[in-house]
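In our numbering, the protein residues as written are 665 to 791. Beta carbons: idealized from backbone N, C-alpha and C, even for Gly.
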């Protein structure tokens, strides 16, 4: 891991406390959270202002203004290099299937541990 740049991540979730907790933990785990947003529209607005897009987007599904499914569609069209890890309380088969159809690279339940989150993110980088 010497001289490697930390993996850049965007965290998009409408719950501020969850966003902050995940950001803190990901930074401690050696990731670099470069963008946080409370909904899809805010995320896409901020994304267009970054010099370099994040490698991964940790993306909630149910959010006001613009949901995760809409964001995934926009990302695959305009930023196809960003890997999408959906992160939701709704881990039913229909949600997971829709996420995968939209091009998600992974799906993690919000009740997963930080260790599971870290492993999922590292797994995405090795894809």
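**OP:** With a 10 Å radius around its C-beta and 16 neighbouring C-beta atoms as the bar for buried, classify residue 786 as buried or exposed.
**Re:** exposed
Subject >> Cβ neighbour criterion (16 or more within 10 Å) applied to residue 781 >> reply: buried
**OP:** Answer yes or no: do residue 721 and residue 760 have a C-beta to C-beta separation smaller than 8 Å?
**Re:** Not in contact: residue 721 and residue 760 (Cβ atoms no closer than 8 Å).
**OP:** Identify whether residue 745 lies in helix, strand or coil by the three-state DSSP scheme.
**Re:** coil
Subject >> Residues near residue 789 by beta carbon distance below 6 Å, same chain, minus five either side >> reply: 671
Subject >> At least three beta-carbon pairs within less than 8 Å, the region 706-713 to the region 679-688 >> reply: no
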